[in-house]
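Student: Numbering follows the numbering used here, with no gaps: position 176 of the sequence shown is 160.
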Amino acid sequence: MNKTIRRASVFTLLLVLALLVRATWVQFYEGRALADDKNNRRNAIETYSAPLGNIIVGGRSVTGSAPTRTGDLRYKRTYTDGELYAAVTGYASQAYAPTQLEGIYTDLLNGTDSRLKSVMDTVTGRRADPGSVVTTIDPDVQKAAYEALGDKKGGAVAVDPGTGRILAVVSTPSYDPSSLTDANTAGAAWKKLTADPDRPLTNRALRQPLPPGSTFKLVVAAAALEDGLYSSVDERTDSPDPYTLPGTARQLTNENPNAPCTNATIRTALEYSCNNVFAKMAVQLGEDKVRAMAERFGFNDDEQDVPVRAYTSVYPSGMYPSETALTGIGQFDVTATPLQMAMVSAAIANGGKLVSPHMVARITDSGGDVLRDYDDEAGTKEILSPSTAEQLQSAMRTVVEQGTGTNARIPGATVGGKTGTAQHGENNSQVPYAWFTSWGKSGGKEVAVAVVVEQSDAARSEVSGNGLAAPVAKAMMEAALKD
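This is the structure in structure tokens:
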């Protein structure tokens, strides 16, 4: 063999080897990435080649699958009472990435979860029959919240304090997930929803943190009692009215100028929502102690999964004393979701113990066998001493029975709550946010609730936690506590 042929042979062999190496790389290293690529049409064809598994509420499926009439996708997702449960289910779309429970349990619901496969499925490569997601949502509480919020912009959450089960997750205005399921029509629906200034796709119950206003006073009161700054909710505080913010000439006043807020007890300060008391209390405690208590309740937790990841509720750091004072009334840079404030009331109602909130009870295979039980996994943390929790329960009852939260009264039930009206915009130039968080007990049943009304048709002078949010909370508690 002459030199030219030998060199050509070696070069050709190297080319063949390079092709084999590249093919091996694509097959074994890049194959998964290509298979998972969102632009890979085969994934959508496979996902919608058969009916999906379902999301269950109150023993009834609120999702389904229907045959398509055209195209290469054989089925599309359907929803029953879609607007009512949108904040729970999210959507599974032929055109867009799934959200909420649809997104978290995609593999379970489309049959690709490895836990669903039988031995024969593994051998044959057949896609397993899909599983189901069984939620903790109580349809009566969910409906009560949705109807009570009505055309208001807001969010609401209800939790069973003893088990951590989330009974309702509502966000308004809502949307119909069915409008996004069909690839042929989803584009127009998406454009309309994303252009809506009311942002119906935003989950205001879990992912819209706002200043919690005076509802945060419960956290400050808990910190003061646990720290020993005050021995009981009936000990008089050292609280001038008005209170001058430290290092400034600004005087902090109260909404009701005739309220008995000078040196008021914690009970009276919660009853009348005295700003001067809790602003001064926050400064006396210092930001570190207030933050420590807030974090016990769940603030600053950036991994709050229920299992949908809730947006982080924030208690800030590195503040001037005047700013710490404002955090004492739930302002400055304090933010919270309705879920977070429901957790505050739940821990107080449960004797100081916070059970991990969750809105999925269990996931099952196609035959109903349990793959994972979230109720059994719910952890419990002691947030407050039983004594502190009992005192705060008593003070919250006073708020509802004779204070700023009377619209939450329920005949025959024991109810405790706290109102909040949070400033909105520079120098409070926009309509305030109306908050209410509460707990209710009756006949062995109990529930904790938080509601925020971000915007309504009420006149600015009529915006208050008691006027707008407390009636929603009352409706939810009545539904949860009924026989």
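All C-beta atoms, glycine included, are put in the ideal place defined by N, C-alpha and C.
Computed from a predicted structure; not experimentally measured.
Rounded to whole angstroms, what's the CA-CA distance from ASN260 to GLY197? Just pull it up for me.
Tutor: Straight-line Cα distance between these residues: approximately 13 Å.
Student: Less than 7 Å between the CB of SER216 and some heavy atom of the ligand MG, yes or no?
Tutor: Inclusion of the ligand MG in the displayed structure is not the case, the ligand content being empty and no account of it being possible.
Student: With 16 as the cutoff for other CB atoms within 10 Å, does VAL(-6) come out buried or exposed?
Tutor: VAL(-6) is exposed by the Cβ-count criterion.
Student: To the nearest angstrom, report how far apart GLY312 and LEU202 are at their CA atoms.
Tutor: When rounded, the distance between both Cα atoms is 10 Å.
Student: Considering Cα atoms alone, identify which of PRO195, GLU86 and ARG26 is closest to VAL435.
Tutor: Measuring from the Cα of VAL435, the nearest candidate turns out to be PRO195.
Student: In the DSSP assignment, what are the bridge partners of SER45?
Tutor: In DSSP, SER45 forms a bridge with ILE40.
Student: Please identify the residue among TYR256, SER371 and THR54 whose C-alpha is closest to the C-alpha of ASN238.
Tutor: Nearest option by C-alpha distance: TYR256.
Student: For the region 292 to 360, which segments carrying the alpha helix (DSSP H) assignment without a break, of at least 4 residues, lie completely within its bounds, in sequence order?
Tutor: Taking only runs of at least 4 residues, the alpha helix (DSSP H) segments lying wholly in the region 292 to 360 are 305 to 311 and 322 to 333.
Student: May I have the straight-line CA-CA distance separating ARG393 from GLU385, to the nearest angstrom?
Tutor: Distance between the alpha carbons of ARG393 and GLU385: 7 Å.
Student: I want to know whether the region 395 to 402 touches the region 282 to 294 - three or more CB-CB distances under 8 Å.
Tutor: At 8 Å Cβ cutoff, the stretches do not touch.
Student: Please go through the same chain and pick out, in chain order, the residues whose beta-carbon is closer than 6 Å to the beta-carbon of THR308, but skip the five residues on each side of it.
Tutor: Same-chain partners within the cutoff: ALA266, VAL267 and GLU271.
Student: Is LYS201 helix, strand or coil when you go by DSSP?
Tutor: Helix at LYS201.
Student: For TYR256, report the span of its alpha helix (DSSP H) as first-last.
Tutor: Run containing TYR256: 250 to 256, per the alpha helix (DSSP H) assignment.
Student: Can you check whether the CB of ASN247 is closer than 8 Å to the CB of SER223?
Tutor: Their beta carbons are under 8 Å apart, which means SER223 touches ASN247 by this criterion.
Student: Helix, strand or coil, according to DSSP, for GLU86 in the structure here?
Tutor: Helix.
Student: Less than 8 Å between the beta carbons of LYS60 and ASP166, yes or no?
Tutor: For LYS60 and ASP166, yes; Cβs fall inside 8 Å.
Student: Run the CB neighbour count on ARG66, radius 10 Å, all protein chains shown included, and call it buried at 16 or more, exposed below.
Tutor: For the sequence presented, residue 66 should be read as Gly rather than Arg. When all chains shown are included, GLY66 counts as buried.
Student: Starting from LYS466, trace the beta strand (DSSP E) in both directions and tell me its first and last residue.
Tutor: Run containing LYS466: none; DSSP gives neither H nor E here.
Student: Measure the C-alpha to C-alpha separation of MET303 and GLN235 and round it to an integer number of angstroms.
Tutor: Looking at the two C-alpha atoms, the distance is approximately 18 Å.
Student: Specify the secondary structure class of TYR159 as computed by DSSP and reduced to three states.
Tutor: Residue state, collapsed to three classes: coil.
Student: Residues bridged to ARG220 by DSSP?
Tutor: Partner(s): THR249.
Student: Residue range of the alpha helix (DSSP H) that GLN375 falls in?
Tutor: GLN375 -> alpha helix (DSSP H) spans 370 to 386.
Student: Give the secondary structure of PRO123 by DSSP, where H, G and I count as helix, E and B as strand, and everything else as coil.
Tutor: If DSSP states are grouped into helix, strand and coil, PRO123 belongs with the helices.
Student: Would a C-beta distance cut-off of 8 Å place ALA457 and VAL433 closer than the cut-off?
Tutor: In this structure, VAL433 lies closer than 8 Å to ALA457 by Cβ.
Student: Tell me whether SER98 sits in a helix, a strand or coil according to DSSP, three-state version.
Tutor: Helix, per DSSP.
Student: Taking the Cβ atom as the reference point for each residue, do GLY139 and GLN192 lie within a distance shorter than 8 Å?
Tutor: Against a cut-off of 8 Å, the Cβ pair of GLN192 and GLY139 comes out as a contact.
Student: What first and last residue would you give for the beta strand (DSSP E) that runs through GLN439?
Tutor: Element bounds for GLN439: 429 to 439.
Student: Have a look at the DSSP bridge pairing and note the partners of ASP289.
Tutor: Answer is ARG293, bridged to ASP289.
Student: What does the alpha-carbon distance come out to for the pair MET327 and ALA320?
Tutor: Going from the Cα of MET327 to the Cα of ALA320 covers about 11 Å.
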